[in-house]
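As structure tokens, the structure follows; a few thoughts come after it.
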Amino acid sequence: GCRIKTSCQVKSISSIDGAAGYRVLEKDGSEETYDSVILGVHAPNALKVLGIEATHHERRILGACQYVHRDIYLHCDQNLMPRNTSAWSAWNFLGTTSRGFSVTYWLNQIQKVESVRPFLVTLNPPCVPDHVLLKWNASLPVPSVAAAKAYLQLDQIQGKRGIWFCGVYNGHGFHEDGLKSGKAAAQGLLGKKCDVLLNPKKMSPSWTEAGARLLVTRFFNQYISIGNLILVEEGGSVFSFGKACDKCCVKSVIQVHDPLFYWKVAIEGGMGLAEAYIDGCYSVLDKREGLLNLILILIANRDERRNRRIARKGF
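Using UniProt numbering, read the sequence shown as starting at 1 and increasing by one per residue.
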């Protein structure tokens, strides 16, 4: 079976003389032996635990990934956000002449936090924010030409001596990059091939299509209150409308492939929705029930709105 050890800080990893596998030395002095190793840590930490046994290629490739240490604050200080609240977004950048830039994440929007109080996370603030709830320090990979070249050469060291490497440095420094590289490393250890999908190009609608998208998303936001409809655009943008409940417990995820989807729906309504599906402007994630769930959500909200109108009239 599987045995998971927690709170075990690894001090070093070394090969076993005259035998296959690796010896993992923990900080408390205890040792474990393993046939293979996956190092899911930052590149400098991987080199540190490998020590003098790191190969030339491992030092060259992993050493090309540089990191910067940042102070990170969880706080409620609105002074680090745009003065105009209508300009607030999930990511907000603030430039300074002395300390470069800082970025503030609006957690209320990113994680759907239902609170009047804003919860913000700021990296590299120009000053210590007010109303700090938590502070910590993190190492973040620095994008560079050298790091990009090293990433393309990672297969030269991946699994070559029973050691696999994964982490956010296997990409652009995002959590998604760490997840993808971790899956690829696990599949490699099991002797299976893993084709990691490249990040698709972000959808770039024309100004008319962007206007249609604004109209359609506003309509769905007002129209859909029960059931959950999610639009996922090519490139990663996500829009979520409504919430599954007792009145309508179904969920439908639409993958938008072409911004013409918004134009057709904005101009022709329900017929445009059907036409966009036929033309391949969108597809449903659940091939069996996704389309049916979409129809059920639209019908349920139509009936819900009608019932509300009747209730307001008093009969």
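Don't be surprised by glycine CBs; every beta carbon is placed ideally from N, CA and C.
Proximity winner among LYS11, GLY162, GLY270 and ALA148, relative to VAL294 (alpha-carbon distances): Note that residue 294 is Leu in the sequence shown here, rather than Val. Closest by alpha carbon: GLY270.
Beta strand (DSSP E) runs contained entirely in the stretch 241-276, provided each spans 3 or more residues: As far as the stretch 241-276 is concerned, its whole beta strand (DSSP E) runs of at least 3 residues are 251-256.
CB of TRP263 within 8 Å of CB of GLU209, strictly: It is a contact, given that the beta carbons lie within the stated cut-off.
Buried or exposed (CB count within 10 angstroms, at least 16 for buried), GLU233: Looking at its Cβ environment, which holds 16 or more other Cβ atoms inside 10 Å, GLU233 is buried.
SER204 Cβ short of 7 Å to the ligand NAD heavy atom set: The ligand content of the structure shown is nil, which means the ligand NAD is not present either.
Which of helix, strand or coil DSSP assigns to ILE297: In this structure, DSSP gives ILE297 a helical state, which the three-state scheme calls helix.
Residue range of the beta strand (DSSP E) that includes GLU233: Per DSSP, GLU233 belongs to the beta strand (DSSP E) from 228-233.
Pairwise C-alpha distance: ARG305 and LYS183: Their backbone Cα atoms lie some 45 Å apart in a straight line.
Endpoints, beta strand (DSSP E) assigned at TYR169: Element bounds for TYR169: n/a, residue is neither H nor E.
Start and end residues, beta strand (DSSP E) containing LYS193: That residue, LYS193, is in no beta strand (DSSP E); it is neither H nor E in DSSP.
3 or more residues per run - each beta strand (DSSP E) lying fully within the stretch 104-129: Taken in chain order, the complete beta strand (DSSP E) segments of 3 residues or longer contained in the stretch 104-129 are 120-123.
Sheet register partners of GLU58 (DSSP bridge): Answer by DSSP bridge pairing: none, since GLU58 is not bridged.
Three-pair Cβ contact test at 8 Å for the stretch 76-85 versus the stretch 111-120: Touching, per the Cβ criterion.
Anticipated Cβ contact below 8 Å, residue 349 with GLY159, distance rounded: It is not possible to answer for residue 349, since the shown part of the chain is limited to 1 through 315.
C-beta atoms of VAL10 and TYR67 nearer than 8 Å: In this structure, VAL10 keeps its C-beta atom at 8 Å or more from the C-beta atom of TYR67.
Expected contact under 8 Å - CB spacing of residue 329 and ASP177 to nearest Å: Because the chain in this structure spans residues 1 to 315, residue 329 falls outside the shown range and cannot be described.
Sufficient close CB pairs (3 or more, under 8 Å) joining the stretch 5-22 to the stretch 46-53: Contact holds: three or more Cβ-Cβ distances are below 8 Å.
Under the three-state DSSP convention, the category PRO143 falls into: In the structure shown, PRO143 sits in coil (DSSP, three-state: anything other than H, G, I, E or B).
Reduced DSSP secondary structure (H/G/I, E/B, other) of ASP303: In this structure, ASP303 counts as helix in the three-state DSSP scheme.
Between the CA atoms of TRP106 and TRP88 - distance to the nearest angstrom: Distance between TRP88 and TRP106, taken at the CA atoms: about 8 Å.
Backbone secondary structure at LEU47 - three-state DSSP: If DSSP states are grouped into helix, strand and coil, LEU47 belongs with the helices.
Beta-carbon proximity list for LYS247, same chain, < 6 Å, skipping 5 on both sides: Counting only residues of its own chain and dropping the five nearest sequence neighbours on each side, LYS247 has a CB closer than 6 Å to the CB of ILE226.
Anticipated Cβ contact below 8 Å, LEU231 with PHE219, distance rounded: The Cβ separation is near 12 Å, so there is no contact.
Of the residues ARG60, PHE93, LEU298 and ALA266, the one placed nearest ALA43, counting alpha carbons only: Comparing Cα positions, the closest option is ARG60.
Status (buried if at least 16 other CB within 10 Å, exposed otherwise) for SER102: Buried is the call here.
The alpha helix (DSSP H) enclosing PRO181, as first and last residue numbers: Reading off the sequence shown, one finds Ser at residue 181, where the question assumed Pro. DSSP places SER181 in the uninterrupted alpha helix (DSSP H) bounded by 175-189.
Short Cβ contact (8 Å threshold) for GLY191 with VAL37: No Cβ-Cβ contact shorter than 8 Å links GLY191 with VAL37.
Status (buried if at least 16 other CB within 10 Å, exposed otherwise) for THR104: With 16 or more other CB atoms across the displayed protein chains lying within 10 angstroms of its CB, THR104 is buried.
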